[in-house]
Every structure is written in C-alpha cells, then in structure tokens.
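Okay, so here's the structure we're looking at.
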Amino acid sequence: MQILQEISEVLQSGNGEKVAALTKQAIEKEILPKDVLDKGLIAGMNIVGEKYRSHDLFLPEVLLAAKAMYAGMDILKPLFLKDGIPTLGRVVMGTVQGDIHDIGKNLVSIMLRGAGFDVIDLGKDVSPKKFVETARKEKARVIGMSALLTTTMVVMKRVIDLLRKEGLQGKIKTIIGGAPVSAEFAEQIGADAYGYDSMNSVDCIKRLMEKE
Amino acid sequence: MRRVVKISIGETVPAQADALFLQGIPRHRKPPQNAVSLFGEAAKIFRECAQPAGIFADISKSEFVDVYRGESLNEKRTPVAEIFRKADGLALFAVTVGQAVHDRINEFFEGKELALGSMLDSVASAGAEMAADAVEKHYFALLLKEHKVAESAAVLRYSPGYCGWHVSGQKKLFEFLRPAEIGITLLDSFLMTPLKSISGVLLVGEKEIHIIEDNYPFCSQCETHSCQHRIETFLQEIKSGDDQKTRSLLEKKDIEE
Ligand code: B12
Ligand code: SF4
Numbered sequence: 003m004q005i006l007q008e009i010s011e012v013l014q015s016g017n018g019e020k021v022a023a024l025t026k027q028a029i030e031k032e033i034l035p036k037d038v039l040d041k042g043l044i045a046g047m048n049i050v051g052e053k054y055r056s057h058d059l060f061l062p063e064v065l066l067a068a069k070a071m072y073a074g075m076d077i078l079k080p081l082f083l084k085d086g087i088p089t090l091g092r093v094v095m096g097t098v099q100g101d102i103h104d105i106g107k108n109l110v111s112i113m114l115r116g117a118g119f120d121v122i123d124l125g126k127d128v129s130p131k132k133f134v135e136t137a138r139k140e141k142a143r144v145i146g147m148s149a150l151l152t153t154t155m156v157v158m159k160r161v162i163d164l165l166r167k168e169g170l171q172g173k174i175k176t177i178i179g180g181a182p183v184s185a186e187f188a189e190q191i192g193a194d195a196y197g198y199d200s201m202n203s204v205d206c207i208k209r210l211m212e213k214e
Numbered sequence: 042m043r044r045v046v047k048i049s050i051g052e053t054v055p056a057q058a059d060a061l062f063l064q065g066i067p068r069h070r071k072p073p074q075n076a077v078s079l080f081g082e083a084a085k086i087f088r089e090c091a092q093p094a095g096i097f098a099d100i101s102k103s104e105f106v107d108v109y110r111g112e113s114l115n116e117k118r119t120p121v122a123e124i125f126r127k128a129d130g131l132a133l134f135a136v137t138v139g140q141a142v143h144d145r146i147n148e149f150f151e152g153k154e155l156a157l158g159s160m161l162d163s164v165a166s167a168g169a170e171m172a173a174d175a176v177e178k179h180y181f182a183l184l185l186k187e188h189k190v191a192e193s194a195a196v197l198r199y200s201p202g203y204c205g206w207h208v209s210g211q212k213k214l215f216e217f218l219r220p221a222e223i224g225i226t227l228l229d230s231f232l233m234t235p236l237k238s239i240s241g242v243l244l245v246g247e248k249e250i251h252i253i254e255d256n257y258p259f260c261s262q263c264e265t266h267s268c269q270h271r272i273e274t275f276l277q278e279i280k281s282g283d284d285q286k287t288r289s290l291l292e293k294k295d296i297e298e
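Residue numbers (my numbering), protein chains in the order written: chain A, 3 to 214; chain B, 42 to 298.
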C-alpha cells in the first residue's frame, strides 16, 4: 500500500509530524493498525537500522527517526485498546551499576522498540536488584545489560547470579553488550546471548524468545 | 600552588566537528543537514546553561607517586609512569561544565527528545574537553611567567580511565586536589558529579619527553590515539623551530598573580 510505504519513508527522514499525519490518514482509510505498525513504522525503522549499520545514516538521524516512530505509535496506541500495542515480548534494558555510558544501550532499546518489542528501559547505573525485581514484576522475558567499562562488566555476572539465586535463570533470559564484552565473556558468566550491535541484538533477542 | 581557574562559557563551546565526531560522524564526512541543525540548537542551549569551572594544584613528583599508584590497579607499563619523572611541572586538575547541562540532557531524554538530548550530551562532553584545554593553557602560561619552564616546552594531560591509569585512581586524585571547591565530587563507583567533568594530571616539559609510541597493550583498544595527534603537532613545531604559539600564549593570557 502506497501510504504505508510513505510512512516508512518519512520516518526514515525523521519527520515526526508527517509520520503522525500519515498514520492518521492510514487509519481513516481503514488500514489495520497492525499493518500500519508492521509495514509502516517498523518497516521504516528496520531500514534505518540497516543504514546505520552500513554507515549511510548516523546517530542523530537514527534518534530523529526514533522520535518520528514514537509520534506514529502514540496515534496507534489507543487503537490497540485492550491489549495495548501487540509486541514480540517484553525486554528490560539498562546500563549496569557504576557505568553511565548509555548511547549504545539507548540505540539497542530504540531498535528493539522499532522491531516491535516492548522495552522497559531502566536507564544507567542500574543495580542487579533493580534489573531482577523489574523483570520479575513486569513479567519480562529478557534482561539486556550494557557495560562500557572493564570495571563494570563484572556487574553483569552479579545480575545472572541473582537470577539464579531467585530461581529465575532460564525463565528470564539474559543478553549482554557493550564494547569490552564478548561472546566468550557471555559464556563465561552464563549469559544466554551477546549482541555486538543494535541490529544483531534484535536478531539475538528474537532468537532467545523463539527458543522458549 | 592550588588555584581555581575562571573559564568563560565562550571558551567551552566546542567546534561542530568535535561534537559530531562524538555522535559517530567522521570528520572527513560532510555532516547530514539535520545533524548540523541539531548541533546549532544544542550549542545554543549549552551556552545558556553551561557553568564551566576548573581547578589545578601543583604536586611534587614524590607526592604524585602515591596519587598515581592509586588503588594499585594500573597497567604495568603506562605513558604517565614513564613521562612524569622527566617533567618540569606537574599539576592535578579537574574541570566541569556544571550540573545544569546534565539536568537539561536528562529532561530531553525523559521528554523523548532523544536526538537533541544526545547531541547536547556530545556538546557537553566536547565542552568539558575545551574546559580542560583552558586550564591546561592557564597552568602552562603561569609556569612560563614564573620562568619554571622554557617557551619550547609543551603540556599534555592524562586522566584515570585512560592510557593504563585505572579509573579508581580518581580516589587519591580527589583526596589531593579537593575539587569539591568547584562543585565536583566523586561517587564510590568512581563517577564524577556533575557527570560532565574531567580530572587528571597535567605534565609539562620539553616536547621530547612527551613523545611516546602507541604500542602499549591497552592502545589496541583506544579509539582516538589522541596522544599521537598531539605529538605530531609537537614534532612539527620542533622541526620548524616554531614556538610562536607558546609565545602568543604568554602575551595573550591574562594571569593573576
Ligand atoms: C561517549 C563516551 C563517554 C561519554 C558517555 C556519554 C553517554 N551518555 O553515554 C562520557 C564523556 C560521559 C564518558 C565518561 C566516561 N568514560 Co567513556 N567513552 C565514551 C566513548 C568515546 C564512546 C562510547 C559510545 O557511546 N559508543 C557508541 C555506541 C553506539 O557504541 P557501544 O556503546 O559500544 O554500543 C553498541 C554495542 O556495544 C552494542 N551494545 C551496547 N550495549 C548493549 C547492550 C545490549 C543488551 C546489547 C545486546 C548490545 C549492546 O550495541 C550498541 C550499538 O551498536 C568510549 C570509547 C569507545 N570506543 O567505546 C569511551 C570509554 C568507554 N570511556 C571510558 C572511560 C574510562 C570513561 C570514564 C571512566 C572517564 C572518567 N575518568 O571519568 C567516564 C565513565 C564514568 C562511569 N563510571 O561510567 C573508557 C573505558 C576504558 C575501559 N576499558 O574500561 C573508553 C573505552 C575510552 C577509552 N579509554 O578509550 N565516556
Ligand atoms: S594510543 Fe590511546 S591509550 Fe595508547 S597512549 Fe595514546 S591515547 Fe593513551
């Protein structure tokens, strides 16, 4: 459908007002909200992610596109009355305690939302207790942790240890990321996955959810 | 000598290319138009709310040995350990661009203004570097004035968390420098508040003492190799015998006694 293609395109250019206007028009034309979401907003955000990966777009453009996506989502939200926006699952994200680097974590959160996940972003400097308590309370299926300092990557293990202690390991999956961590480190500390960039993280989390 | 340095807001507004570089836009690329507009907006906000401040304190080599050892977590071989004994002047320093900028950044993030919030974050980070440059210049000019260093000397700064100096080194550095006087404190997790602050050591000496190779084990993970850019400038100056910059510094800088 032409209009969905247009939504995707104006989203890519970061024009939130146009995304909102076109989203409204699409609804008026009785296109299913789910289609507007999947084939307009999410499709657009996926392209943004790919272009960011290939260095055809940069961080400011990704963040403007994210804002445009939220403008469209705000219009769709009331239409998914009872169950809210259909999601691929809930993910709790945060930068671990002692670490304030959040650019990478924010990008991963944005791409996850763009792909249709429900993300609870706890921000930065997040304690193991907060990760685990929030994930339990909010019935999240995955905890995503970011660390950019070699001194804070050890906190990731404390989150996994706490999950184990509370009998939640396996029920709530874990994925880690950030420049100093690696797939080997993930294995060492018992994390379920490692994501090296935002697009790869989306794929990894999709796979984690499928595995259940 | 321990001194609070007045830094004007104008001295801390970064160049567009420096802020965009922190946003992942390479210097050789023509920046996208919306990034340029965002930078303009963020720089304006930064001008309105930045509260730059700086402090430095001379430190003797024997005192520095203890501060630098910190919590004994540094890498075995580091540039600072190799250079500081050859330096003619050593000072600990801290600078900040203030809490208000940080609060504005958080407001933007909370209001889902991610792009502007992130750009302001980069402007403030680059601004903190400019504030550190200002303190560096001030200290150098002071040493020149007191004839403690030669005009041909140069200054380079190093910070905990970089170049093999463990981030926990900030603890002893803060105990010695006491930058709380300009509003900078250290949390147990070695986070400085306000967040947009930089602390470290200024090493002043003949340009030759600063020349190092970027082949320490930790250099492979270094994104900037900033030491090499500065060394290159020094080398060019040595080659051309041109210490004009130093001289103009002496003339320009209005130094309090
Ligand atoms: C920007 C930056 C800052 C900014 C942070 C701004 C912010 N809001 O985040 C500021 C200036 C505040 C800062 C402060 C500090 N920094 Co800093 N910083 C950086 C820098 C230059 C870039 C990081 C970044 O944003 N990268 C871009 C993003 C997009 O990439 P990314 O984070 O890697 O994320 C991607 C992937 O890793 C992955 N990913 C990330 N998170 C997650 C999470 C999950 C779940 C998944 C699946 C994937 C994933 O996907 C992302 C998207 O592709 C790095 C250098 C570097 N190259 O990493 C240093 C760096 C991380 N900083 C460093 C240091 C030391 C510090 C300080 C301690 C300095 C100091 N003395 O005060 C303080 C930190 C205080 C603290 N306790 O946290 C060091 C760390 C050294 C070490 N080995 O531990 C680095 C490596 C610089 C260096 N020495 O070369 N920093
Ligand atoms: S290459 Fe980077 S880490 Fe190595 S000494 Fe230079 S600035 Fe420091």
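No residue lacks a Cβ here, since even glycine has one placed at the ideal position from N, Cα and C.
Report whether the distance from the Cβ of residue i to the nearest heavy atom of the ligand B12 is below 8 Å.
i                      : result
residue 90 of chain B  : no
residue 146 of chain A : yes
residue 47 of chain B  : no
residue 164 of chain B : no
residue 176 of chain B : no
residue 230 of chain B : yes
residue 182 of chain A : yes
residue 180 of chain B : no
Does the beta-carbon distance from residue i to residue j come in below 9 Å?
i                      : j                      : result
residue 193 of chain A : residue 174 of chain A : no
residue 117 of chain A : residue 44 of chain A  : yes
residue 91 of chain A  : residue 134 of chain A : no
residue 136 of chain B : residue 100 of chain B : no
residue 66 of chain A  : residue 63 of chain B  : no
residue 81 of chain A  : residue 29 of chain A  : yes
residue 56 of chain B  : residue 167 of chain B : yes
residue 138 of chain B : residue 238 of chain B : yes
residue 9 of chain B   : residue 209 of chain B : No answer is possible for residue 9 of chain B: the residues shown for chain B start at 42 and end at 298.
residue 230 of chain B : residue 154 of chain A : yes
residue 268 of chain B : residue 120 of chain B : yes
residue 88 of chain B  : residue 46 of chain B  : no
Among the options, which residue has its Cα nearest to the Cα of residue i?
i                      : options                       : result
residue 131 of chain B : B:195, B:249, B:60 and B:62   : B:195
residue 248 of chain B : B:271, B:259, B:236 and B:177 : B:271
residue 154 of chain B : A:71, A:132, A:141 and A:95   : A:71
residue 48 of chain B  : B:56, B:176 and B:110         : B:176
residue 112 of chain B : B:89, B:205 and B:255         : B:205
residue 170 of chain A : A:149, A:201 and A:131        : A:131
residue 101 of chain A : A:13, A:149, A:201 and A:205  : A:149
residue 111 of chain A : A:197, A:24 and A:12          : A:197
residue 26 of chain A  : A:15, A:16 and A:42           : A:42
residue 106 of chain A : A:147, A:119 and A:211        : A:147
residue 332 of chain B : B:83, B:121, B:128 and B:276  : Nothing about residue 332 of chain B can be read from this structure; chain B reaches only from 42 to 298.
residue 221 of chain B : B:240, B:203 and B:207        : B:240
residue 58 of chain A  : B:65, B:279 and B:179         : B:65
Shorter than 9 Å from the beta carbon of residue i to some beta carbon of chain C?
i                      : result
residue 185 of chain A : The structure shown contains no chain C; its protein chains are A and B.
Hey, how far is the Cα of residue i from the Cα of residue j?
i                      : j                      : result
residue 292 of chain B : residue 105 of chain B : Per-residue confidence for residue 292 of chain B stands at a pLDDT of 47, beneath the threshold of 50, marking its modelled position as unreliable; no derived number is given.
residue 122 of chain A : residue 188 of chain A : 22 Å
residue 21 of chain A  : residue 74 of chain A  : 6 Å
residue 51 of chain A  : residue 113 of chain A : 7 Å
residue 297 of chain B : residue 73 of chain B  : Caution applies to residue 297 of chain B, whose pLDDT of 39 falls short of 50 and renders its modelled position unreliable; the value that the coordinates give is listed next. Looking at the two C-alpha atoms, the distance is approximately 44 Å.
residue 160 of chain B : residue 251 of chain B : 33 Å
residue 294 of chain B : residue 44 of chain B  : Reliability fails at residue 294 of chain B, whose pLDDT of 40 lies under 50, so the model's placement of it is uncertain and no value is given.
residue 162 of chain B : residue 143 of chain B : 8 Å
residue 125 of chain A : residue 242 of chain B : 31 Å
residue 203 of chain A : residue 125 of chain B : 43 Å
residue 172 of chain B : residue 50 of chain B  : 9 Å
residue 172 of chain A : residue 137 of chain A : 13 Å
residue 206 of chain A : residue 39 of chain A  : 22 Å
residue 288 of chain B : residue 174 of chain B : Low confidence applies to residue 288 of chain B: its pLDDT is 49, below 50, so where it sits in the model is not reliable, and the reading given next is rough at best. If I take the Cα positions, the gap works out to 17 Å.
residue 199 of chain B : residue 76 of chain B  : 30 Å
For residue i, is the beta carbon positioned less than 8 Å from some heavy atom of the ligand SF4?
i                      : result
residue 269 of chain B : yes
residue 257 of chain B : yes
residue 239 of chain B : no
residue 253 of chain B : yes
residue 120 of chain B : yes
residue 205 of chain B : yes
Note down, in chain order, every chain B residue with its Cβ under 7 Å from the Cβ of residue i.
i                      : result
residue 130 of chain A : Those do not exist, as residue 130 of chain A stays about 13 Å from chain B at its closest Cβ, beyond 7 Å.
residue 153 of chain A : 208
residue 66 of chain A  : 75 and 156
Please compile the residues from chain B whose C-beta is within a distance smaller than 9 Å of the C-beta of residue i.
i                     : result
residue 16 of chain A : 75 and 156
What residues of chain A sit near residue i, judged by a beta carbon separation below 7 Å?
i                      : result
residue 64 of chain B  : 60, 61 and 62
residue 153 of chain B : 69 and 72
If the cut is a Cβ gap below 9 Å, which residues of chain A does residue i touch?
i                      : result
residue 159 of chain B : 61, 62, 65, 105 and 108
Run through chain B and tell me which residues come within less than 8 Å of residue i, C-beta to C-beta.
i                      : result
residue 102 of chain A : 232 and 236
residue 99 of chain A  : 230
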